[in-house]
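These notes are about the structure you will find just below.
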Amino acid sequence: MVVIGIDPHKRSHTAVAVDAVGRKLSQLTVPSDDNGLLRLWAWAARFGPDRRWAVEDGRGIAARLVRTLIGQGAVVVWVPPKLMAQCRASARTRGKSDPIDALAIARAAVREPDLPTAHLDDDAADLRLLSDRREYLVKARTAAVNQLRWHLHDLAPHLDAPGRLTGPRQLDRLATALSGLTAGVRRDLALDLVTDIRRLGEQIRQLDKQLAALVTPLAPALLAIVGINVVTAAKILGEVAGVTRFRSAAAFAMHTGVAPIPVWSSNRPQYRLNRGGNRQLNACLHRIVITQLSHSAEAKAWRQRWIARRPNATGKAALRALKRHLADVVYRALHADHQHQLASAA
Numbered sequence: 001m002v003v004i005g006i007d008p009h010k011r012s013h014t015a016v017a018v019d020a021v022g023r024k025l026s027q028l029t030v031p032s033d034d035n036g037l038l039r040l041w042a043w044a045a046r047f048g049p050d051r052r053w054a055v056e057d058g059r060g061i062a063a064r065l066v067r068t069l070i071g072q073g074a075v076v077v078w079v080p081p082k083l084m085a086q087c088r089a090s091a092r093t094r095g096k097s098d099p100i101d102a103l104a105i106a107r108a109a110v111r112e113p114d115l116p117t118a119h120l121d122d123d124a125a126d127l128r129l130l131s132d133r134r135e136y137l138v139k140a141r142t143a144a145v146n147q148l149r150w151h152l153h154d155l156a157p158h159l160d161a162p163g164r165l166t167g168p169r170q171l172d173r174l175a176t177a178l179s180g181l182t183a184g185v186r187r188d189l190a191l192d193l194v195t196d197i198r199r200l201g202e203q204i205r206q207l208d209k210q211l212a213a214l215v216t217p218l219a220p221a222l223l224a225i226v227g228i229n230v231v232t233a234a235k236i237l238g239e240v241a242g243v244t245r246f247r248s249a250a251a252f253a254m255h256t257g258v259a260p261i262p263v264w265s266s267n268r269p270q271y272r273l274n275r276g277g278n279r280q281l282n283a284c285l286h287r288i289v290i291t292q293l294s295h296s297a298e299a300k301a302w303r304q305r306w307i308a309r310r311p312n313a314t315g316k317a318a319l320r321a322l323k324r325h326l327a328d329v330v331y332r333a334l335h336a337d338h339q340h341q342l343a344s345a346a
């Protein structure tokens, strides 16, 4: 079998082909346009039908490339950047370049035969795009609110009430109060910011409705978990991009970065925090765990039982263990939703 590793970029893609033991066979750099993808496919044809493609999991950069390859019937696996970096560091080649990275990606795919397989999932792609857009709008609104507070502190500190300056009624009252102040550049800027915050808030609400319309029929079991709302479910579905590409719950937990890493030798077993995996999914699981510890008696009882069996365990260790447990719960819910979709389509 030949594995073709690709280091994707916005303007070019570099591919390196290796054999079953990781020996470099050939390399090619092509533009990331349609002609470049055709050249890449024609170049790969020389290695016969028994070939596999490995692409670095760059957020958004490789999406068009992977869609094209899958559309041609290719088998494509995602290689995490951290795994690629480890393979590059372990090689005898010094330095960093696109061919070096592509070679490391190919060798990582050879070394790890059970990497997640990419596939076309239009619903997941739409949810990921909408979730990213919502996050951008929320960040922009937060920045506008912070600027507004600084202006209010200088204009009229009593208007900078505690709490969030995002509600429509609160913004209407604030705009009325600002209009009554003496005209000036700072007051005008504050009014502009109020308008921006109102506009961003409306866009966020519209996105929430759009996400709810997409997520509700896709993930009833996922939404039934305490701590998961429409926004969190959309984020999980978009980042997972098909739960069937994971061979087991353990593989899913490793992908989310909640699988503990052993750090002991000749003494009692110890584990440390896993800083790898998909950090977007990891953040989702963390928020769900924090919510469950406040609102779910079952989660509190699970943590207490875990601590009772380990008297020397720390609170952070218990939190990490609960996240690992929750990854299994989410994995089972995603599988249940997938089976529900299959039954509905039948």
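Just so we're aligned, residue 1 is where the sequence shown starts under the UniProt record's numbering, counting upward by one. For glycine and all other residues, C-beta sits at the position ideal for the given N, C-alpha and C.
Cβ-Cβ separation, residue 258 to residue 324 (assumed contact under 8 angstroms), whole Å: Locating residue 324 in the sequence shown gives position 324, where the first residue counts as 1. Locating residue 258 in the sequence shown gives position 258, where the first residue counts as 1. Right, the Cβ-Cβ distance comes to about 5 angstroms (below 8 angstroms), so this counts as a contact.
Beta carbon of residue 99 nearer than 7 angstroms to that of residue 14: Here the question's residue 99 lines up with position 99 in the sequence shown. Here the question's residue 14 lines up with position 14 in the sequence shown. Going by C-beta atoms, residue 99 is nearer than 7 angstroms to residue 14.
The alpha helix (DSSP H) enclosing residue 43, as first and last residue numbers: Taking the first residue of the sequence shown as position 1, residue 43 is located at position 43. Residues 34-44.
Alpha-carbon spacing of residue 24 relative to residue 52, whole angstroms: For this step, residue 24 is matched to residue 24 along the sequence shown. For this step, residue 52 is matched to residue 52 along the sequence shown. Cα to Cα, the separation comes out at about 14 angstroms.
CA nearest to the CA of residue 306, picked from 2, 319, 226, 48: Looking up residue 306 in the sequence shown gives position 306. Comparing Cα-Cα distances from residue 306 to each of 2, 319, 226, 48, the minimum goes to 319.
Where residue 282 falls, given that 16 or more other Cβ within 10 Å makes a residue buried: Counting from 1 along the sequence shown, the entry for residue 282 is found at position 282. The residue in question, residue 282, is buried, as its Cβ has 16 or more Cβ neighbours within 10 Å.
Given 8 angstroms, three or more beta-carbon pairs between the segment 213-221 and the segment 158-170: no
Cβ-Cβ distance between residue 291 and residue 227 below 7 angstroms: The residue you call residue 291 lines up with position 291 of the sequence shown. The residue you call residue 227 lines up with position 227 of the sequence shown. Yes, Cβ-Cβ distance for residue 291 and residue 227 is below 7 angstroms.
Cβ-based neighbour list, residue 230, same chain, cut-off 8 angstroms, excluding 5 preceding and 5 following: Here the question's residue 230 lines up with position 230 in the sequence shown. In the same chain as residue 230, and ignoring 5 residues on each side of it, the C-beta atoms closer than 8 angstroms to its own belong to 208, 211, 212, 215, 216, 223, in chain order.
Residue 111 Cβ short of 6 angstroms to the ligand FAD heavy atom set: Looking for the ligand FAD in the displayed structure turns up nothing, as the structure carries no ligands at all.
Counterpart residues of residue 28 in DSSP-defined beta bridges: The residue given as residue 28 occupies position 28 in the sequence shown. Per DSSP, 15.
Neighbourhood of residue 271 by C-beta, 7 angstroms cutoff - its chain only, sequence neighbours within 5 removed: Numbered from 1 along the sequence shown, position 271 holds the residue referred to as residue 271. Counting only Cβ-Cβ distances below 7 angstroms, and skipping sequence neighbours, we find 260, 261, 262, 263.
Terminal residues of the beta strand (DSSP E) in which residue 5 lies: Indexing the sequence shown from 1 puts residue 5 at position 5. Unbroken beta strand (DSSP E) run through residue 5: 2-8.
Range of the contiguous alpha helix (DSSP H) that encloses residue 112: Position 112 of the sequence shown, counted from the first residue, corresponds to residue 112. Taken as a continuous stretch (DSSP letters only), residue 112 belongs to no alpha helix (DSSP H), as it is neither H nor E.
Spatial neighbours of residue 246 in its chain, beta-carbon cut-off 7 angstroms, leaving aside the 5 residues before and after: Working through the sequence shown from its first residue, we reach residue 246 at position 246. Same-chain partners within the cutoff: 116, 252, 255.
For residue 316 and residue 308, the rounded distance between their alpha carbons: For the purposes of this step, residue 308 is identified with residue 308 of the sequence shown, where counting begins at 1. For the purposes of this step, residue 316 is identified with residue 316 of the sequence shown, where counting begins at 1. Rounded to the nearest angstrom, the two C-alpha atoms are 15 angstroms apart.
Classification of residue 235 by the beta-carbon crowding that lies within 10 angstroms, buried from 16 upward: On the sequence shown, residue 235 is found 235 positions in, with the first residue counted as 1. With 16 or more other Cβ atoms within 10 Å, it is buried.
Local conformation of residue 169 per DSSP, three classes: Counted from its first residue, the sequence shown places residue 169 at position 169. In the structure shown, residue 169 sits in a helix (DSSP, three-state: H, G or I).
Close beta carbons around residue 274, own chain, < 7 angstroms, minus the five adjacent residues each side: For this step, residue 274 is matched to residue 274 along the sequence shown. Hits under 7 angstroms: 257, 258, 259, 260, 261.
Sequence-distant residues of the same chain with beta carbon closer than 6 angstroms to residue 106, five excluded per side: Numbered from 1 along the sequence shown, position 106 holds the residue referred to as residue 106. Same-chain partners within the cutoff: 3, 5, 16, 18, 54.
Between the CA atoms of residue 337 and residue 345 - distance to the nearest angstrom: Position 345 of the sequence shown holds residue 345. Position 337 of the sequence shown holds residue 337. If I take the Cα positions, the gap works out to 12 angstroms.
Separation of residue 166 from residue 145, as counted between CA atoms: Numbered from its first residue, the sequence shown carries residue 145 at position 145. Numbered from its first residue, the sequence shown carries residue 166 at position 166. A straight-line Cα-Cα distance of about 8 angstroms links residue 145 and residue 166.
Buried versus exposed call for residue 84 [16 or more other C-beta atoms within 10 Å across all chains shown]: To locate residue 84, count along the sequence shown from 1; it is residue 84. It is buried - the Cβ of residue 84 has at least 16 other Cβ atoms within 10 Å.
Reduced DSSP category for residue 291 - H, G, I as helix; E, B as strand; rest coil: As a first step, residue 291 must be located in the sequence shown, where it is residue number 291. If DSSP states are grouped into helix, strand and coil, residue 291 belongs with the helices.
Bridge partner(s) assigned by DSSP for residue 262: Walking along the sequence shown from the start, residue 262 turns up at place 262. As computed with DSSP, residue 262 is found in a beta bridge with 271.
The segment 191-210 touching the segment 122-137, judged by at least three CB pairs closer than 8 angstroms: yes
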